[in-house]
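Engineer:
Residue numbers (the working numbering): 520 to 703.
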């Protein structure tokens, strides 16, 4: 319980006090904005429960895979090798959906927009938390989409997509999100 409360406070602090970095982000999709997004990706893991069979072993890391061109640069260095829920946090870059085996979080880059339906179909039933930062990502079947609103990074969650993947998202995270449904 203490861990979850601490995680909520950390996420709230990122949302409220990162205005300087967020203003830089709103001017361009630059480095500072992706540092904020990297922090979001790490903190999301504290509020998501994966099914037991999503990990082969108790020592397996929570693996974040970046699919497509990497917009983060070295912004992810700050979260590599941290731990979450007793597991190390690992980062991997992937060039195609076939190389996503073992990924628990998949960040789909804007460069993959045209391939999005095929990508989401390829990772279906793999217990992966799919995250993007492009318009329509969550409505297309992705789970979490990061977007700008009033010069701040916000996020929306497709709860149905998460449930289809066997992921349980904490109600505390859902309270901070805009909930969206998949367009048919």
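Don't be surprised by glycine CBs; every beta carbon is placed ideally from N, CA and C.
Taking the alpha carbon of residue 661 as the reference point, which residue from 615, 671, 670, 648 has its own alpha carbon closest?
Structural biologist: Among 615, 671, 670, 648, the Cα nearest to that of residue 661 belongs to 648.
Engineer: Using only the alpha-carbon positions, how far apart do residue 659 and residue 571 sit?
Structural biologist: Their backbone Cα atoms lie some 27 Å apart in a straight line.
Engineer: Does the region 631-651 come within contact of the region 600-609, defined as at least 3 CB pairs closer than 8 Å?
Structural biologist: In short, these stretches do not touch, since the Cβ pair count stays below three.
Engineer: Restricting to Cα atoms, I'd like to know which of 673, 591, 584 is closest to residue 608.
Structural biologist: Residue 584 is the option with its Cα nearest to residue 608.
Engineer: On a Cα-Cα basis, can you pick out the residue from 628, 581, 656 that is closest to residue 621?
Structural biologist: Among 628, 581, 656, the Cα nearest to that of residue 621 is on 581.
Engineer: Does DSSP put residue 710 in a helix, a strand or coil?
Structural biologist: Because the chain here runs from 520 to 703, residue 710 falls outside it and cannot be looked at.
Engineer: By the 10 Å Cβ neighbour count, where 16 or more other Cβ atoms means buried, how is residue 668 classified, buried or exposed?
Structural biologist: Answer is exposed; the Cβ neighbour count stays below 16.
Engineer: Give every residue of the same chain whose Cβ lies closer than 7 Å to the Cβ of residue 545, excluding the five residues on either side of it in the sequence, and list them in chain order.
Structural biologist: Summary for residue 545: the model assigns pLDDT 34, below 50, so the residue's position carries little reliability; its value from the coordinates is reported in the next sentence. Counting only Cβ-Cβ distances below 7 Å, and skipping sequence neighbours, we find 667, 670.
Engineer: Measuring CA to CA, which of 646, 634, 596 is closest to residue 614?
Structural biologist: Nearest option by C-alpha distance: 634.
Engineer: Hey, would you say residue 690 sits closer than 7 Å to residue 566, going by beta carbons?
Structural biologist: No, the Cβ-Cβ distance between residue 690 and residue 566 is not below 7 Å.
Engineer: Spatial neighbours of residue 564 within its chain, please: CB distance less than 6 Å, with the 5 preceding and 5 following residues excluded, ordered by chain position.
Structural biologist: Correct list, in chain order: 581, 603.
Engineer: Would you list the residues sitting across from residue 672 in a DSSP beta bridge?
Structural biologist: Answer is 667, bridged to residue 672.
Engineer: To the nearest angstrom, how far is it from the Cα of residue 506 to the Cα of residue 578?
Structural biologist: Look at the range of the chain in this structure, 520 to 703, and you will see that residue 506 is not part of it.
Engineer: Roughly how many whole angstroms lie between the Cα atoms of residue 595 and residue 672?
Structural biologist: Each residue's alpha carbon lies about 17 Å from the other.
Engineer: Going along the chain, which residues of its own chain have a beta-carbon closer than 8 Å to the beta-carbon of residue 700, five neighbours each way excluded?
Structural biologist: Result list for residue 700: 658, 677, 679, in chain order.
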